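Report on the structure given below.
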Amino acid sequence: DTGVSQDPRHKITKRGQNVTFRCDPISEHNRLYWYRQTLGQGPEFLTYFQNEAQLEKSRLLSDRFSAERPKGSFSTLEIQRTEQGDSAMYLCASQKVQGTIHEQYFGPGTRLTVT
Amino acid sequence: AQSVAQPEDQVNVAEGNPLTVKCTYSVSGNPYLFWYVQYPNRGLQFLLKYITGDNLVKGSYGFEAEFNKSQTSFHLKKPSALVSDSALYFCAVRDNAGNMLTFGGGTRLMVKP
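Taken in sequence, the protein lines are chains A and B.
In terms of the numbering used here, the numbers along the first sequence are unbroken and rise by one, the last being 164.
In terms of the numbering used here, the numbers along the second sequence are unbroken and rise by one, the last being 254.
Following this line, the structure appears as structure tokens:
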């Protein structure tokens, strides 16, 4: 059973550069979520997709952030003009919306360090 | 707005003793409640959930949680702690109309031999 995968696992970038992360959800999971987790805090919701449609975005998702899920399978999260405050763990989760299944399954995360 | 509070940053327990990790929540309507565990440099692993039904729910690795509506709590419990249970534990809530999870700040569980 293949879980949620994320790539890369670690990314170090200089302030002002653009970065892109990829998430591959569990097969047949129609919902995909992005969260951000800073050190010592719980994850915070950023956005989610139902198939290819982006249905909700947090106020945390500034206009420098953009997410896509073009074919309803994998998703990408791009951060433009990175700032030091963007340094965090970016977590992806997927969920199969069916019956009593409500839990989200998380990937290992991408740790971003902006220098 | 929904919220979750985990009042203890860290819980220390001796191996073999029972453990409790506390969680209280605030949400409109009926809550959907979850516990996740996070090991170093890894994502969150789902432990258990309460959606409806029995107030005591059982999950992975011998963990269970008790839903108390009047106290708006969902404490995580285990009868006998293992050293390998040492990790960061997160409680999360969503309402029955929403989709996103709101997490607490996490509680570090330290089980000593």
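Beta carbons: idealized from backbone N, C-alpha and C, even for Gly.
Because the structure is a prediction, the values reported are computed rather than measured.
Check the Cβ-Cβ distances between B/N196 and every residue of chain E, and say whether any is below 8 Å.
Looking for chain E here will not work: the only protein chains present are A and B.
Assuming the contact rule is C-beta atoms closer than 8 Å, B/A190 and B/Y173 should be a hit. Round their C-beta distance to whole Å, please.
Residue 190 of chain B is actually Lys in this sequence, not Ala. Confirmed, Cβ separation roughly 7 Å.
So A/Q153 contacts chain B; which residues on that side make the cut at Cβ distance below 7 Å?
Within chain B, L242 have C-beta atoms less than 7 Å from the C-beta of A/Q153, given in sequence order.
For B/L274, which residues from the same chain have a beta carbon less than 6 Å from its beta carbon, with the 5 sequence-adjacent residues on both sides left out?
A question about residue 274 of chain B goes unanswered here, because the residues of chain B that appear run from 142 up to 254.
Roughly how many whole angstroms lie between the Cα atoms of B/P148 and B/H216?
Roughly 11 Å between the two C-alpha positions.
Taking CB distances under 8 Å as the criterion, tell me whether B/G170 reaches chain A.
No, its Cβ sits nowhere closer than 8 Å to a Cβ of chain A.
Of all the CB atoms in chain B, is at least one closer than 8 Å to the CB of A/G91?
Contact of A/G91 with chain B is assigned, a C-beta pair being separated by under 8 Å.
Amino acids of chain A, ordered along the chain, whose beta-carbon sits closer than 8 Å to that of B/G245
Counting only Cβ-Cβ distances below 8 Å, B/G245 has contacts in chain A at G91, in chain order.
Below 9 Å on C-beta distance, what does B/G184 contact in chain A?
Those within 9 Å of B/G184 in chain A are G52, V53, Q55, M138, L140, C141, A142, Y154, F155, G156, P157, G158.
Give the DSSP-derived three-state secondary structure of B/D236 in the structure shown.
The three-state reading of DSSP puts B/D236 in strand, counting E and B together.
Could you name the residues of chain A that B/Y173 contacts, counting a contact when the two beta carbons are closer than 7 Å?
Per Cβ cutoff of 7 Å: H151.
Report the neighbours of B/F231 on chain A: residues whose CB is nearer than 8 Å to its CB, in chain order.
Neighbours of B/F231 on chain A, chain order: G91, P92.
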